[in-house]
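These protein sequence lines are chains R and H, in that order. Note that the working numbering has the first sequence beginning at 11, numbered continuously upward. Note that the working numbering has the second sequence beginning at 7, numbered continuously upward.
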Amino acid sequence: MKFLGYKRPDGKVGVRNHVLVMPTCYCATVTAEKIASCVEGAVSFHNQLGCSQALDDVQYTVDVLVGFAANPNVYGTVLIGNGCEVCGIAKIAALIKERTNKPLFMMNIQDTGGTPGTIQEGMKCAQALAEEASMLRSEEYDFSHLIMGTECGGSDATSGISANPIIGKVSDRVVAEGGTSILSETTEFMGAEHILASRAKDEEVARKVLNIVSAYEQHLINANTNVRGANPAPGNKEGGITTLAEKSLGCIHKGGSTPIQEVYAYGHPVDKKGLVIMDTPGADAASVCGMVAGGAQVVIFSSGRGTPIGNPIAPVIKITGNPTTFAKMGVNIDYEASGGVTGLQTIAEQGQLLFDLMCDVVNGKKTKAELFGNNEIGIPRLCNYV
Amino acid sequence: MERRGLLIDDNDSVVVVLEAVAASEVVAYVSSEGVQGSVVASEVIPPFHKIARKAVARGAQVIKYGQPIGTAQADIAIGCHVHEHNLD
């Protein structure tokens, strides 16, 4: 099986052909967004971080910024900095160049005539890149070039029994075709971590699964939050969930049934084929961001309650297992995955239909989130600003 | 009256009911792969709660998603509601 993609000079294959105008810190965010809004084919996003951060938090921000520029959906990048921030353009550019040889421009607002001069210069660079990008023709590539992220948020009783098992079928199919599927959201592994670990390809990967769960749990306990103790919540129990393992199995079903090949730190480059895990928060925008920074070109996101969110770089296909939610906000949701609940189609049948939709989106069909310009991001942080 | 249920994995000992079930009603379920079966409810089962399709002895694991989700705290007969009172 093949999909249509854009070949990058670093050998990777994108399913979109964006010019990324990237603010390296919050001071540059509005300027970068104004530049992108003036150039057809350019994208940007709101970066709330990039300066005055503790070192571990700087690392999270750097990993997302560098990962975004390296994501194969990006043709080239225009870095916009202010000039005195921790995540400065020279530092970010050097790290990007270690990962990819794609086109890269950069400028500081302090050295480019403030906001008006930077907008003028940034528009010229973004326009030049967009013009080059428009010359590229998509070609057919096999699934070994595709990384799919999986996500759930705003879950309800239908997520664990319909939408997530349907995503699991797509994960299994992507893996069978030689591609990669990422299972994320470490906080939602709790209670089922031993089951997940038993699916690891070897003892080392199993140990990594257990380690990311215990480290995350301890991190939250240090901030007076006991996830295991408070779960399943009373609302979950009313909805029929009895144990934490049961709740977590409903989430991790997104990963399907194949062996876990590797465990990656948040935002780190994904280089293995098959099903892999990334250590991300349950917070959906931040989890999606980590997978996209890791190289995911497309994401499938289930939401029982419904959500509009997307991502600036990767198409986010949203599905719901709840027919009422689809009736209420189908304008934001790409697929009604309610077969497990309505019985109108089986989970296996809907998995095939969702795989077909994912292929359509990879081949160029725009998602609801893309059509509305939803470009939410979230970058994890451990502590307060410095 | 016949009510609808979902068997997520063919090895599961429980079925998720998709609508409210009264005692002695039949739950007709379908699996992820389309396999059909049925079980008679011995008590009220609220929507999205679990009904036992296999007997589970006290101390044995209850299986859902093809995986153990907890230990039976009492002998669970076919048709029983499976929740906090008999599963932990």
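Glycine residues also receive a C-beta, built at the ideal position from the N, C-alpha and C atoms. Remember, predicted model here, so these are calculated numbers, not experimental data.
Original post:
Hey, residue 200 of chain R and residue 238 of chain R are a contact pair by Cβ (cut 8 Å); roughly how many whole angstroms apart?
Top reply: 6 Å
Original post:
How should residue 91 of chain H be labelled, buried or exposed, when 16 other C-beta atoms within 10 angstroms of its C-beta is the threshold for buried?
Top reply: exposed
Original post:
What are the start and end residues of the alpha helix (DSSP H) that includes residue 334 of chain R?
Top reply: 333 to 339
Original post:
Would the beta-carbon of residue 182 of chain R fall within 8 Å of that of residue 266 of chain R?
Top reply: yes
Original post:
Three or more beta-carbon pairs under 8 Å between the stretch 59 to 78 of chain R and the stretch 117 to 124 of chain R, yes or no?
Top reply: no
**OP:** Assess, as a yes-or-no matter, whether the stretch 288 to 306 of chain R is touched by the stretch 174 to 181 of chain R under the definition of 3 or more beta carbon pairs within less than 8 Å.
**Re:** no
**OP:** Please name the residue, chosen from R/243, R/50, R/305, that lies closest to residue 18 of chain R on a Cα-to-Cα basis.
**Re:** R/305
Subject >> Cβ-Cβ separation, residue 70 of chain R to residue 276 of chain R (assumed contact under 8 Å), whole Å >> reply: 6 Å
**OP:** Write down the C-beta distance between residue 372 of chain R and residue 25 of chain R rounded to the nearest angstrom, noting that I regard them as a contact closer than 8 Å.
**Re:** 5 Å
**OP:** Could you run through the stretch 33 to 58 of chain H and flag, in chain order, every residue whose CB is less than 8 Å away from some CB of chain R?
**Re:** 36, 37, 38, 39, 40, 52, 53, 54, 55, 56
Subject >> Proximal chain H residues relative to residue 253 of chain R, where beta-carbon distance stays under 8 Å >> reply: 75, 76, 93, 94
Subject >> Same chain, Cβ closer than 6 Å to residue 8 of chain H, five either side skipped, listed in chain order >> reply: 32, 34
Subject >> Coarse secondary structure for residue 20 of chain H, derived from DSSP in three states >> reply: strand
Original post:
Taking the C-alpha atoms as reference points, what is the distance between residue 110 of chain R and residue 94 of chain H?
Top reply: 50 Å
Subject >> Whole beta strand (DSSP E) elements within the stretch 266 to 302 of chain R, 3-residue minimum >> reply: 270 to 274, 284 to 288
Subject >> Alpha-carbon to alpha-carbon, residue 194 of chain R and residue 17 of chain H >> reply: 26 Å
**OP:** If I'm right that residue 106 of chain R touches residue 79 of chain R with Cβ under 8 Å, what's the distance once you round it to whole angstroms?
**Re:** 5 Å
Original post:
Taking C-beta to C-beta, are residue 31 of chain R and residue 163 of chain R nearer than 8 Å?
Top reply: no
Original post:
Does DSSP put residue 122 of chain R in a helix, in a strand, or in coil?
Top reply: coil
Original post:
Roughly how far, in whole angstroms, is the beta-carbon of residue 40 of chain H from the beta-carbon of residue 23 of chain H, given that I think they are within contact range, below 8 Å?
Top reply: No, residue 40 of chain H and residue 23 of chain H are not in contact; Cβ-Cβ is about 18 Å, not under 8 Å.
Original post:
Roughly how many angstroms separate the alpha carbons of residue 233 of chain R and residue 90 of chain R, rounded to a whole number?
Top reply: 34 Å
Original post:
Is there contact here, the stretch 309 to 316 of chain R with the stretch 328 to 347 of chain R, by at least three beta-carbon pairs under 8 Å?
Top reply: yes
**OP:** Could you tell me whether the stretch 202 to 209 of chain R touches the stretch 334 to 349 of chain R, using the rule of 3 or more Cβ pairs below 8 Å?
**Re:** no
Subject >> Beta-carbon neighbours of residue 14 of chain H, restricted to chain R and to distances below 7 Å >> reply: 171, 175
**OP:** Grab the span of the alpha helix (DSSP H) containing residue 44 of chain H for me, first residue to last.
**Re:** Run containing residue 44 of chain H: none in the alpha helix (DSSP H); it sits in the beta strand (DSSP E), 42 to 46.
**OP:** State the start and end residues of the unbroken alpha helix (DSSP H) segment that holds residue 261 of chain R.
**Re:** 254 to 262
**OP:** Just the chain H side, please: which residues come within less than 7 Å of residue 167 of chain R by C-beta, in chain order?
**Re:** 54
**OP:** Leaving out five residues on either side along the sequence, give the residues of the same chain with a beta carbon under 6 Å from the beta carbon of residue 318 of chain R.
**Re:** 342, 384
Original post:
Which parts of the stretch 103 to 156 of chain R are runs of the alpha helix (DSSP H), unbroken and 4 residues or longer, counting only runs that do not cross its ends?
Top reply: 124 to 144
Subject >> 6 Å Cβ shell around residue 165 of chain R - same chain, five flanking residues per side excluded >> reply: 314
**OP:** Please work out which residues of its chain come closer than 6 Å, Cβ to Cβ, to residue 54 of chain R, disregarding the five sequence neighbours upstream and downstream, and give them in chain order.
**Re:** 31, 42, 43, 46
**OP:** Measure from the alpha carbon of residue 51 of chain R to the alpha carbon of each residue in R/196, R/143, R/224, then state which is nearest.
**Re:** R/143
Original post:
Of all the CB atoms in chain H, is at least one closer than 8 Å to the CB of residue 290 of chain R?
Top reply: no
Subject >> Pairwise C-alpha distance: residue 350 of chain R and residue 43 of chain H >> reply: 15 Å
Original post:
Three-state secondary structure (DSSP) at residue 190 of chain R?
Top reply: strand
Subject >> is_contact[residue 27 of chain H, chain R] using C-beta, thresh 8 Å >> reply: no
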